[in-house]
Amino acid sequence: DIPSLAETYAEFFPIGAAVEPGQLAGLKADLLKKHVNMIVAENVMKPDAIHPTEDSYNWTNADKIVEFAKTNGMAVRFHALVWHNQVGAWFFKDPDGKPMVDETDPAKRETNKKLLLERLDKHVRTIVGRYKDDIKSWDVVNEVVEPGDPDGMRASDWYKIAGTDYIETAFRAAREAGGPDVMLYINDYGTDDPRKRDILYGLVKDMLDKGVPIDGVGHQTHISVHGPLVANIIESMKKFAELGLDNLVTELDMSLYAWNDRGDYGDDVPSYIVNRQAERYRELFDAFKANKGILGGVVFWGIADDHTWLHNFPVQGRMDAPLLFDKQLHAKPAFWAVVDPS
Ligand code: XIL
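Structure (structure tokens):
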């Protein structure tokens, strides 16, 4: 019998995994129950899933995840109230059905912005209001920073219509609906990159100065066996901790491939890659433990290699193996590195 991840890390921080409702039965559920004490919906709490049209919410799948967590004494994270992907187009259409981004008349642009922020406010209050007693950790906005876009802010419909006011509106509504004890996060990938980190830092600092209730930074941490440096990941967390913020690792996985590598090992993954993955996971968790004071939790984006968003992405037909358990749900070298580090 193998050790439990969550028990091994009990004195440090919670360990989580992203799940789909269909994984909450059978062997996959057993694996989750044994190893994690926090879950997050991989898809079913995203805007298009939970609020597909202006007048309809779909709670069924989200409720399944909350129920499973309750039954098994796990915490739940909410991912995500606001994103530019997986969001209904209805948010961004004016009452005549015209895309708000196409509006050129300044007066109408002002009216559109107001309408978008009203819709957002309602979206956030309705969802946070429903789950505030069961969900204490919230990704309020996801991936709003993009160094390649003007001002370093992602040029999403949200931003093009409302500027950064959408971020402010989302956090304020979440705090008002959730009360003082919900933890509100700004979540992003690539936060180890100094350029992106500094833009995110500047944004968060401005927001905090304006009294916007941000409690922490979510670092997705979709990394690879080839990078980035663990030291950069930790340095970024330290910077945000200086602002008094919590850090969370929200979507951890470690691809076998560098992000721009279009190759494919197929069934013959070289053993040095498998070993490197284990050694890098070991280094990462050693660093996490050493910094437990500024790290509120570590959530994997999945649990076993049978199910990962990295299959067929970014290379169609290519399988990946970024997690601690293999396709048969057996512990990999990376698992042993994490439960028995240094
Ligand atoms: C991914 C899911 O894992 C996939 O199933 C879905 O098809 C696309 O989204 N960053 C995020 C997550 O914030 O929401 C993404 O999840 C992975 C990248």
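Start counting the sequence shown at 65; every next residue gets the next number (mature numbering (1 follows the signal peptide of the UniProt record, and there is no 0)). Glycine included, each C-beta is placed from N, C-alpha and C at the ideal position. These numbers were taken from a predicted model, which means no experiment stands behind them.
Tell me whether residue i counts as near the ligand XIL, meaning its Cβ is closer than 7 Å to at least one heavy atom of that ligand.
i: GLN284; result: yes
i: ASN206; result: yes
i: residue 407; result: Since the first residue of the chain shown is 65 and the last is 406, residue 407 is not available in this structure.
i: HIS143; result: yes
i: ASN107; result: yes
i: TRP154; result: no
i: GLU71; result: no
i: GLU315; result: yes
i: TYR121; result: no
i: TYR253; result: yes
i: residue 441; result: This structure cannot speak to residue 441, because the chain is shown only from 65 to 406.
Check whether the Cβ atoms of residue i and residue j lie closer than 8 Å to each other.
i: THR402; j: TYR345; result: Per the sequence presented here, residue 402 reads as Val, with Thr not at that position. Their beta carbons are under 8 Å apart, which means VAL402 touches TYR345 by this criterion.
i: LYS271; j: ILE225; result: Correcting the residue type first, residue 271 is Met in the shown sequence and not Lys. No.
i: ALA368; j: LYS391; result: yes
i: VAL188; j: ALA133; result: no
i: GLU106; j: VAL140; result: no
i: ALA241; j: LYS200; result: no
i: GLY361; j: PHE156; result: no
i: GLN341; j: ALA295; result: no
i: VAL276; j: ARG236; result: yes
i: TRP202; j: LEU264; result: no
i: ILE114; j: TYR121; result: yes
i: ASN125; j: LYS97; result: no
i: LEU387; j: GLY366; result: yes
i: ASN149; j: MET164; result: no
i: VAL100; j: ALA74; result: no
i: PHE142; j: MET102; result: no
i: GLN284; j: TYR321; result: no
i: ALA70; j: ILE79; result: yes
i: VAL379; j: ARG326; result: yes
i: GLU167; j: ASP158; result: yes
i: ILE191; j: ALA395; result: no
Can you round the beta-carbon distance between residue i and residue j to whole angstroms, since I take them to be within the 8 Å contact cut?
i: THR372; j: ASP317; result: 7 Å
i: ILE298; j: ALA351; result: 5 Å
i: LEU307; j: ASP279; result: Contact flag wrong, Cβ pair sits at about 11 Å.
i: GLY282; j: THR314; result: 4 Å
i: ASN311; j: LEU359; result: 5 Å
Between which residues of its own chain and residue i is the CB-CB distance below 6 Å, once the five residues before and five after are set aside?
i: ASN206; result: ALA144, TRP147, ASN251
i: ASP221; result: PHE156, VAL165
Report all residues from its chain with a CB closer than 7 Å to the CB of residue i; omit the five preceding and five following residues, and keep chain order.
i: ARG261; result: THR255, SER300, LYS303
i: HIS375; result: MET383, ASP384
i: PRO211; result: ARG259, LYS260, ILE263
i: GLU343; result: ALA401
i: ASP185; result: THR233, ALA237
i: LEU91; result: LEU393
i: PRO85; result: VAL108, ASN125, LYS128, ILE129
Residue i bridges to which residues according to DSSP?
i: SER288; result: GLY291, SER319
i: GLY80; result: MET102, VAL363
i: VAL209; result: MET217
i: GLY282; result: ASN251, LEU312
i: ALA395; result: PHE389
i: ARG141; result: VAL104, SER201
i: LYS157; result: PRO163
i: VAL146; result: VAL205
i: SER120; result: THR117
i: ALA368; result: PHE389
Within its chain, find whatever has a CB closer than 8 Å to the CB of residue i; leave out the 5 residues flanking it on each side and keep chain order.
i: THR117; result: GLY152, TRP154
i: VAL268; result: ILE250, ILE278, VAL281, PHE304, LEU307, LEU309
i: ASP229; result: LYS177, LEU181
i: LEU95; result: ILE367, ALA368, PHE389, LEU393
i: LYS274; result: GLU232
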